[in-house]
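A.B. asks: One structure, pasted below without further comment.
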Amino acid sequence: MVPIYTYIALSAVLFTLGALGVLIRRNAIIIFMSVELMLNAANLAFVAFARMHGGLSGQIFVFFVMAVAAAEVAVGLALIVKIFETKHSIDIDQMNMMKG
Amino acid sequence: MSVDLVLFGGLALVTILSALGMLFSRNAIYSALYLIFNFSTVAVFYLMLSAPFIALAQITVYAGAIMVLFLFVIMLLGAEQTGRTPPTWWMQPLALSLAGILILEAVYLIVTHRSSFPALQATIGDFGNPVQIGELMFSTYLLAFETIALLLLVAVIGAIFLSRGRKAR
Numbered sequence: 008m009v010p011i012y013t014y015i016a017l018s019a020v021l022f023t024l025g026a027l028g029v030l031i032r033r034n035a036i037i038i039f040m041s042v043e044l045m046l047n048a049a050n051l052a053f054v055a056f057a058r059m060h061g062g063l064s065g066q067i068f069v070f071f072v073m074a075v076a077a078a079e080v081a082v083g084l085a086l087i088v089k090i091f092e093t094k095h096s097i098d099i100d101q102m103n104m105m106k107g
Numbered sequence: 540m541s542v543d544l545v546l547f548g549g550l551a552l553v554t555i556l557s558a559l560g561m562l563f564s565r566n567a568i569y570s571a572l573y574l575i576f577n578f579s580t581v582a583v584f585y586l587m588l589s590a591p592f593i594a595l596a597q598i599t600v601y602a603g604a605i606m607v608l609f610l611f612v613i614m615l616l617g618a619e620q621t622g623r624t625p626p627t628w629w630m631q632p633l634a635l636s637l638a639g640i641l642i643l644e645a646v647y648l649i650v651t652h653r654s655s656f657p658a659l660q661a662t663i664g665d666f667g668n669p670v671q672i673g674e675l676m677f678s679t680y681l682l683a684f685e686t687i688a689l690l691l692l693v694a695v696i697g698a699i700f701l702s703r704g705r706k707a708r
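Taken in sequence, the protein lines are chains A and B.
The first sequence: position 100 = 107 (my numbering), numbered continuously.
The second sequence: position 76 = 615 (my numbering), numbered continuously.
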């Protein structure tokens with residue numbers, strides 16, 4: 008059995024990579040996918056701690072996080088499609104109608 | 540070096556490389572495929588952590604439903620447009636350096652403080668199988684379960700409302 012701190016370190020690395028993706032990329036869909044990567048990293052930490060404590064509450068929480076992520080993706084992608092209909096672009100540098 | 544550690548090391552490398560591939564790929568479809576690969580690897584981690592139900596829920600929900608939705612929208616809206624230099628030219632190098640520092644610091648801190656993690660508890664019986672998860676979810680976490688159902692309903696209503704055409708009022 009691999010010690011649990013390795014899973015936590017991997018979760019931290021994946022979370023940072025997700026945050027990096029949100030900062031670096033300009034395509035709105037790639038940013039959304041980076042947010043999903045961050046949620047996944049948190050899920051991994053939850054499951055690792057659930058195994059460490061021998062309790063199932065961490066896994067239950069992961070189940071709920073997955074449901075929330077699915078709901079968020081549905082609504083978020085509908086929003087992106089609507090924005091594309093208006094602006095004909097998903098480059099976030101051009102989403103500046105609320106500027107000023 | 541036990542087999543478990545080698546297995547974990549290889550899978551962790553694949554996970555990080557696929558995440559990097561998702562981040563730095565020019566084509567949005569390749570990014571989505573890299574992310575599907577990442578999710579499948581994380582599902583294998585869940586199996587190693589005695590969470591079989593969560594592992595298969597990950598494959599079904601994340602890799603099977605969410606990423607398919609992403610692929611649909613990517614194909615609907617067109618692939619990545621290779622952009623000009625953004626007006627904030629300093630953001631990408633700054634983000635890369637900050638992320639690098641954070642990754643190094645986080646891994647260093649977690650590894651040096653590894654003795655402060657509690658010891659591994661023994662698991663009871665079929666840990667993580669659907670029966671145990673169902674028993675817990677429908678007793679202790681029933682309110683959260685019902686709230687999640689309500690949230691999914693709201694998401695469905697929202698998605699339908701947002702995707703109405705202009706003429707269909």
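Here a beta-carbon is modelled for each residue, glycine too, at the ideal position from N, C-alpha and C.
Which residues does DSSP pair with D98/A in a beta bridge?
C.D. replies: Reading the first sequence from its first residue, position 91 is the one you call residue 98/A. N34/A.
A.B. asks: Ignore the nearest five residues each way along the sequence and tell me which others in M59/A's own chain have a CB closer than 7 Å to its CB.
C.D. replies: By 1-based counting over the first sequence, the position of residue 59/A is 52. Excluding positions up to five away in sequence, the list reads I11.
A.B. asks: Within the 8 Å Cβ cut-off, does S589/B reach chain A?
C.D. replies: Within the second sequence, residue 589/B is the residue found at index 50, counting from 1. It does: the Cβ of S589/B has a partner Cβ on chain A nearer than 8 Å.
A.B. asks: I'd like to check one pair, V612/B with L36/A: are the Cβ atoms closer than 8 Å?
C.D. replies: Residue mapping note: residue 36/A aligns to position 29 of the first sequence, counting from 1. Residue mapping note: residue 612/B aligns to position 73 of the second sequence, counting from 1. Note that residue 36/A is Ile in the sequence shown here, rather than Leu. Yes, they are a contact pair.
A.B. asks: For F547/B, count neighbouring Cβ atoms within 10 angstroms of its own Cβ and tell me buried if that reaches 16, exposed if not.
C.D. replies: Your numbering for residue 547/B matches position 8 in the second sequence. Buried, since its Cβ has 16 or more Cβ neighbours within 10 Å.
A.B. asks: With DSSP collapsed to three states, give me the class of Y680/B.
C.D. replies: On the second sequence, position 141 is the one that residue 680/B refers to. Coil, per DSSP.
A.B. asks: List, in chain order, every chain A residue whose beta-carbon is nearer than 7 Å to that of L689/B.
C.D. replies: By 1-based counting over the second sequence, the position of residue 689/B is 150. The contacting residues do not exist; L689/B stays about 10 Å from chain A at best.
A.B. asks: Could you pull out every residue in the same chain whose Cβ sits closer than 7 Å to the Cβ of V583/B, ignoring the five residues on either side in sequence?
C.D. replies: In the second sequence, the residue the question calls residue 583/B occupies position 44. Taken in chain order, the residues that qualify are L550.
A.B. asks: To the nearest angstrom, how far is the alpha carbon of F656/B from that of L701/B?
C.D. replies: Here residue 656/B is taken as the residue at index 117 of the second sequence, counted from 1. Here residue 701/B is taken as the residue at index 162 of the second sequence, counted from 1. If you take the alpha carbons of F656/B and L701/B, they lie about 46 Å apart.
A.B. asks: Give a yes or no on whether the minimum CB-CB distance between L675/B and chain A is below 8 Å.
C.D. replies: On the second sequence, position 136 is the one that residue 675/B refers to. Cβ-Cβ to chain A under 8 Å: yes for L675/B.
A.B. asks: Determine the extent of the alpha helix (DSSP H) in which A582/B is found, giving its start and end residues.
C.D. replies: The sequence position of residue 582/B within the second sequence is 43, counting from 1. Looking at the DSSP string, the run of the alpha helix (DSSP H) that includes A582/B is A567 to M587.
A.B. asks: Strictly under 8 Å for the Cβ-Cβ distance: is V82/A near chain B by that measure?
C.D. replies: Against the first sequence, residue 82/A aligns to sequence position 75. Output row for V82/A: interface = yes.
A.B. asks: Buried or exposed: which applies to G107/A, given that a residue is buried once 16 or more other Cβ atoms fall within 10 Å of its Cβ?
C.D. replies: As a first step, residue 107/A is located in the first sequence; it is residue number 100 there, counting from the start. Label assigned to G107/A: exposed.
A.B. asks: Grouping DSSP H, G and I as helix and E and B as strand, with all else coil, what is T627/B?
C.D. replies: As a position in the second sequence, residue 627/B is number 88, starting the count at 1. In this structure, T627/B counts as coil in the three-state DSSP scheme.
A.B. asks: Would you mind stating whether A63/A and G697/B have Cβ atoms separated by less than 8 Å?
C.D. replies: Numbered from its first residue, the first sequence carries residue 63/A at position 56. Numbered from its first residue, the second sequence carries residue 697/B at position 158. Here residue 63/A is Leu; the residue named in the question, Ala, does not match the sequence. Not closer than 8 Å, so no.
A.B. asks: My assumption, with CB atoms under 8 Å, is that Y573/B sits in contact with S557/B. Please give the rounded CB distance.
C.D. replies: In the second sequence, residue 573/B corresponds to position 34, counting from 1. In the second sequence, residue 557/B corresponds to position 18, counting from 1. Right, their Cβ atoms sit about 5 Å apart.
A.B. asks: Hey, would you say S570/B sits closer than 8 Å to S579/B, going by beta carbons?
C.D. replies: Counting from 1 along the second sequence, the entry for residue 570/B is found at position 31. Counting from 1 along the second sequence, the entry for residue 579/B is found at position 40. Not closer than 8 Å, so no.
A.B. asks: Decide if N50/A is buried, meaning its Cβ has at least 16 other Cβ atoms within 10 Å, or exposed.
C.D. replies: Here residue 50/A corresponds to residue number 43 of the first sequence, with the count starting at 1. Burial call: buried.
A.B. asks: Name the residues in the stretch 61-75 of chain A whose C-beta lies less than 7 Å from a C-beta of chain B; which are they?
C.D. replies: G61, L63, Q66, I67, V69, F70, F71, M73, A74 and V75
A.B. asks: If we call anything under 8 Å between Cβ atoms a contact, is A76/A one with G65/A?
C.D. replies: Sequence index remark: in the first sequence, residue 76/A carries index 69 (1-based). Sequence index remark: in the first sequence, residue 65/A carries index 58 (1-based). No; because the gap between Cβ atoms is not below 8 Å, this pair is not in contact.
A.B. asks: Taking the alpha carbon of A694/B as the reference point, which residue from S41/A, A74/A, Q101/A and I99/A has its own alpha carbon closest?
C.D. replies: Numbered from 1 along the second sequence, position 155 holds the residue referred to as residue 694/B. The option with the nearest alpha carbon to A694/B is A74/A.
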